[in-house]
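Visitor: Numbering (the numbering used here), first residue to last: 3 to 198. Just passing along the structure, written as structure tokens.
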């Protein structure tokens, strides 16, 4: 009997990077910062530690790339929700804000990764810069939506609504039974109605 030889296929560099980023997010969600290390990430991605260093230089670079990729993914989700809402400014604003309370943003694994990113942003300059850029972009787009709805103090309202959405998302992620996604949506819609 002749053994059938498995054909070797090499993943593209982009695919390997994406696999490592996905594995890092999963490790952060599952094990937190303390349990996320090169060995755990590489085991999850099915690659050698040398490959991680080849593509990212080290775990700090990989975690930063994971935060950036996660932020970019969230931006795309919020933008898609806004586009799907059509052309009415208030509907676009509400869709942008309430996308945080619908899948995939409510994925329980996102909480673990996101809280790790927040913790790192307090002590790591690169993570703080990613955080600042991500939130500035979110607030700028929110400000534009508020202006389109006729809001007078869009910058201040954007900060306030961002804090409200983050707080509700965090509470909902920690305890989905406390008030539920639809209640969070209703609270944000009520705030928008009262403020704009």
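From the three backbone atoms N, C-alpha and C, an ideal C-beta is built for every residue, glycine too.
If the criterion is Cβ atoms closer than 7 Å, does the pair residue 174 and residue 186 meet it?
Guide: By one-based count along the chain shown, residue 174 stands at place 172. By one-based count along the chain shown, residue 186 stands at place 184. A contact, by the Cβ cut-off of 7 Å.
Visitor: Could you give the DSSP three-state label for residue 106: helix, strand or coil?
Guide: On the chain shown, position 104 is the one that residue 106 refers to. Coil at residue 106, not helix or strand.
Visitor: From residue 64 to residue 196, what distance separates their C-alpha atoms?
Guide: Position 62 of the chain shown, counting from 1, holds the residue named residue 64. Position 194 of the chain shown, counting from 1, holds the residue named residue 196. Approximately 42 Å between the Cα atoms of the pair.
Visitor: Measuring CA to CA, which of 142, 150 and 177 is closest to residue 161?
Guide: Counted from its first residue, the chain shown places residue 161 at position 159. Among 142, 150 and 177, the Cα nearest to that of residue 161 is on 142.
Visitor: Out of 67, 24 and 59, which one is the CA nearest neighbour of residue 46?
Guide: Counting from 1 along the chain shown, the entry for residue 46 is found at position 44. Checking every option, the nearest Cα to that of residue 46 belongs to 24.
Visitor: So, helix, strand or coil for residue 96, using DSSP?
Guide: One-based indexing of the chain shown puts residue 96 at position 94. In the structure shown, residue 96 sits in a helix (DSSP, three-state: H, G or I).
Visitor: Can you tell me which of the three DSSP states residue 40 falls into?
Guide: For the purposes of this step, residue 40 is taken as residue 38 along the chain shown, with counting starting at 1. DSSP places residue 40 in helix when its eight states are reduced to three.
Visitor: State the Cα-Cα distance for the pair residue 69 and residue 118, rounded to the nearest angstrom.
Guide: Taking the chain shown and counting its residues from 1, one reaches residue 69 at position 67. Taking the chain shown and counting its residues from 1, one reaches residue 118 at position 116. Those two C-alpha atoms are separated by around 9 Å.
Visitor: According to DSSP, simplified to helix, strand and coil, what is residue 29?
Guide: Taking the chain shown and counting its residues from 1, the one referred to as residue 29 is at position 27. Correct three-state label for residue 29: helix.
Visitor: Using CA atoms only, rank isn't needed, just tell me which of 15, 170, 13 and 28 is closest to residue 114.
Guide: Walking along the chain shown from the start, residue 114 turns up at place 112. The shortest C-alpha separation from residue 114 is found at 28.
Visitor: For the alpha helix (DSSP H) containing residue 160, name the first residue and the last one.
Guide: Here residue 160 refers to the residue found at position 158 when the chain shown is read from its first residue. Here the alpha helix (DSSP H) through residue 160 covers 156-176.
Visitor: By Cβ distance, which residues of its chain are closer than 6 Å to residue 171, with the 5 residues on each side in sequence left out?
Guide: Translated into the one-based positions of the chain shown, residue 171 becomes position 169. Once the five neighbours on either side are set aside, the close Cβ partners of residue 171 are 102.
Visitor: Thinking C-alpha only, which one of 198, 158, 67 and 97 is nearest residue 136?
Guide: Taking the chain shown and counting its residues from 1, the one referred to as residue 136 is at position 134. Of the listed residues, the one whose Cα sits closest to residue 136 is 67.
Visitor: Taking the Cβ atom as the reference point for each residue, do residue 98 and residue 84 lie within a distance shorter than 7 Å?
Guide: On the chain shown, residue 98 is found 96 positions in, with the first residue counted as 1. On the chain shown, residue 84 is found 82 positions in, with the first residue counted as 1. Yes; because the gap between Cβ atoms is below 7 Å, this pair is in contact.
Visitor: Name the residue from 131, 35, 92 and 81 whose alpha carbon lies nearest to the alpha carbon of residue 107.
Guide: For the purposes of this step, residue 107 is taken as residue 105 along the chain shown, with counting starting at 1. The option with the nearest alpha carbon to residue 107 is 81.
Visitor: Below 8 Å on the Cβ atoms is my guess for residue 139 versus residue 157; work out the distance and round it to an integer in Å.
Guide: For this step, residue 139 is matched to residue 137 along the chain shown. For this step, residue 157 is matched to residue 155 along the chain shown. Residue 139 to residue 157, Cβ: 14 Å. No contact.
Visitor: Determine the DSSP secondary structure at residue 187, reduced to helix, strand or coil.
Guide: In the chain shown, the residue the question calls residue 187 occupies position 185. Three-state DSSP puts residue 187 in a helix.
Visitor: I'd like the ranges of any alpha helix (DSSP H) spanning at least 4 consecutive residues and lying wholly in the segment 45-81.
Guide: 51-58
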